[in-house]
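Worksheet: the structure to be examined is printed underneath.
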Amino acid sequence: MSVELLVNVTPFETRVARIENGQAEEIYIERERGLKGNIYKGRVQRVLPGIQAAFVDIGMDKAGFLYAGDIATAKQPALELSEEIDHGDDNEVGDDSSASNQPRRNAPPIANLIRDGQELMVQVSREPIASKGPRLTSQVGLAGRYLVYLPHLQHTGIARRLEDPVERERLLAIAHAIAPEKGGLIIRTVAEGKQEADIQQDLDYLLRLWGDIEKRTKSAGLGTLIHKELNLYLRVMRDYVDAEVEKIHIDSKEAYESMKKFARRFMPEVSKRLYYYPGERPIFDVYGVEEAIESALKRRVPLKSGGHIVIDQTEALIAIDVNSGSFVGSRNMEETGFKTNLEAVHEIVHQLRLRNLGGIIVVDFIDMQEDENKQRLMEVLDEALKRDKTKTHIVQLSELGLVEMTRKRTRDSLGRMLMKECGRCGGIGQAKSPTTICYQLFREVVAEARAYPCEKLMVIAHPSIIDLLLSEENQGVLQLEEFLKKEISLKSDEDFASDHYEVVLQ
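Here it is in structure tokens:
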């Protein structure tokens, strides 16, 4: 598989696209520096025992949210602590013990761990999403190239994506050999094949960084940012550049030099894969990324066969509907549905990655009767999801034929980042029909005429509404005049929105 990264840097926005076999698969956008990975000196605003959580003031408009299971304590065994140390591709870390995945509900009562007004160091583990503030953890993790250093946790683990048992054993032996006196280590996926000297160098850097953070913490005031995470293109270099990535194209000379410097210090093998793009044509246009972004903002996604899928993002879940559309190239409905579903699977996985859709996802595939086809569909879906580095889990194929799955939320979706709620429809995607507006207008005319004395009335509305009142609804206007015994005049105004009108008493 051919993989390239495109880095587009402007004064107001940084964008990174992952291109696989010529197609944009993932888009990362940073307009304001993200919060994830930042470390703050915070103060507990309010402890909520009922939900085992607390609000923590970190000097922002919205308080951060801290769960009991994300609070580091000396009394808790390491394996009972949360594994939610979100850094790049290692959003699942741990060892080979099943005990390492203790549910968060087993954490001690939060009132025994922290109190209102208490000061503590916290790190942002998840960006603010929609109306929610950032999610916090006191289990601080500093990510390097090959390691995550855990200063408050005596624990050695390895990323689950590293599956080779021999390599896992070798890397864990290195981790135990170089483990510092204080703190724990997580071996990252990109450490595969690396020698002890490389990993030791990474650890030395992280230990120096932690020493600086501790010094700044002592003199910092409440709500102070103590450590700032790397910017987007350096994070992408650190977290997502592996052996698959063949080239990295950067359209900013300044960013190119910064990435070169970062690569020479931390990942020299990547330095030769960096290329400065000086072309006049925007780099995202050259690779078709702008077109891919535009298509990712639409509900309807066409399939090559003539079918299509429809994607709706709601507060509760992501709903995806598969339709055969104009595809009739099979012998019967069962075969048509099966072939369309198989084609839709790959497009759905592509769209999940491109749009960065997370949470509960429900897919309504075309109905199939044969169990063999249903089983094959689920196998293809499971295989296609292996390309997605974000954690996904297929729950089941329900009795109604719906495929239920989850995908880990890591940041706002592309749509929520680039779009805003429609001011006219209030986000529902629909508006009142002209006929509905006319009847609503009629009711208001009656209410106004009865409430206030007047000789006649004037209705001012958008030309489309006035045209309807003069044509199809003209009989209704005449009946209203006879009912009220008052003259009703009509006036169009192009400055009015199509759903806005005024009733003027004269």
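Counting from 1, position 108 in the sequence shown corresponds to residue 108 in UniProt numbering; the numbering is continuous, with no gaps.
Quick reminder that beta carbons are idealized off the backbone N, C-alpha and C, glycines included.
Cβ neighbours of residue i in the same chain (closer than 6 Å, five flanking residues each side left out)
| i | result |
| --- | --- |
| K456 | K486, E487, Q506 |
| S413 | R355, N356, L357 |
| A74 | Residue placement at A74 cannot be trusted, given a pLDDT of 48 that sits under 50; what the coordinates show is reported in the next sentence. Taken in chain order, the list of residues that qualify is empty. |
| G401 | D367 |
| D86 | Residue confidence is low: D86 scores 36 on pLDDT, short of 50, so the model does not pin down where it sits. Its coordinate-derived value is still stated next. Excluding residues within five positions, the ones whose Cβ falls inside 6 Å are S125. |
| V270 | V241, A263 |
| L484 | A449 |
| E26 | R18, R353 |
| T224 | K41 |
| V363 | I320, V403 |
| A447 | none |
| N373 | F338 |
Beta-carbon proximity list for residue i, same chain, < 7 Å, skipping 5 on both sides
| i | result |
| --- | --- |
| K247 | E4, R273, Y275 |
| L48 | A54 |
| E290 | F284 |
| Q52 | Y67, A68, A107, I110 |
| A384 | V345, H346, V349 |
| N21 | M1, S2 |
| E444 | V503 |
| G144 | D202, Y205, L206 |
Helix, strand or coil at residue i [DSSP, three-state]
| i | result |
| --- | --- |
| V446 | helix |
| H240 | Residue identity check: residue 240 is Tyr in the sequence provided, not His. Y240: helix per DSSP, three-state reduction. |
| L162 | coil |
| K41 | strand |
| S100 | Bear in mind that a pLDDT of 36 at S100, under 50, signals an unreliable position, so the number given afterwards is only what the model happens to contain. Reduced to three states, the DSSP call for S100 is helix. |
| V7 | strand |
| G64 | strand |
| G50 | helix |
| L414 | helix |
| D493 | coil |
| I29 | strand |
| N106 | helix |
| Y452 | coil |
| G337 | helix |
| A72 | coil |
| I318 | strand |
| M458 | strand |
| H500 | coil |
| E487 | strand |
| L35 | coil |
| D364 | strand |
| I437 | helix |
| I226 | strand |
| L402 | strand |
| F12 | coil |
| residue 545 | The structure shown does not extend to residue 545, since the chain is modelled only from 1 through 506, so no value can be given for it. |
| Q430 | coil |
| L342 | helix |
| N112 | helix |
| T373 | Sequence check: residue 373 is Asn here, not Thr. Helix, per DSSP. |
| K215 | helix |
Neighbourhood of residue i by C-beta, 8 Å cutoff - its chain only, sequence neighbours within 5 removed
| i | result |
| --- | --- |
| G183 | Y149, L150, P151, H152, L153, Q154, W210 |
| E421 | G427 |
| P11 | none |
| D116 | V44, Q45, R46, V47 |
Beta-bridge pairing of residue i - partner residues as DSSP gives them
| i | result |
| --- | --- |
| Y233 | Answer is none; Y233 lacks a bridge partner. |
| V301 | I309 |
| F55 | R46, F65 |
| N474 | Partner(s): none; N474 has no beta bridge. |
| N323 | H308 |
| R407 | G359, T392 |
| A17 | L6, I27 |
| L505 | L457 |
| L397 | V403 |
Practice problem: Starting from the N-terminal side, write out each stretch of the alpha helix (DSSP H) that is 4 residues or longer and does not extend beyond the stretch 242–266. | Solution: Taking 4 residues as the shortest admissible run, the stretch 242–266 contains the following complete alpha helix (DSSP H) segments, listed from N- to C-terminal end: 253–266.
Self-check item: Sufficient close CB pairs (3 or more, under 8 Å) joining the stretch 257–265 to the stretch 230–245
Solution: Cβ pair count under 8 Å is three or more, so yes.
Practice problem: Determine, using beta-carbon pairs with one atom in the stretch 463–476 and one in the stretch 430–439, whether at least three such pairs fall under 8 Å. | Solution: The answer is yes - the stretch 430–439 touches the stretch 463–476, with three or more Cβ pairs under 8 Å.
Quiz prompt | Inter-stretch contact at 8 Å, needing at least 3 Cβ pairs: the stretch 194–203 / the stretch 170–186 | solution = Yes, they touch.
Exercise. Please list the segments of the beta strand (DSSP E) lying wholly inside the stretch 117–205, counting only runs of 3 or more residues, in order along the chain.
Key: You should have 119–126, 135–137, 147–150, 156–159, 184–187.
Quiz item: Are the stretch 130–149 and the stretch 57–70 touching, with three or more C-beta to C-beta distances below 8 Å?
Solution: Yes: the two stretches touch, three or more of their Cβ pairs being nearer than 8 Å.
Practice problem: For the stretch 297–311 and the stretch 319–328, state whether three or more C-beta atom pairs, one from each stretch, are separated by less than 8 Å. | Solution: Yes, the stretch 297–311 is in contact with the stretch 319–328.
Quiz item: So, do the stretch 25–40 and the stretch 391–400 have three or more beta carbon pairs nearer to each other than 8 Å?
Solution: In short, these stretches do not touch, since the Cβ pair count stays below three.
Quiz item: Going along the chain, which unbroken runs of the beta strand (DSSP E) with 3 or more residues stay wholly within the stretch 268–293?
Solution: 274–276, all fully within the stretch 268–293.
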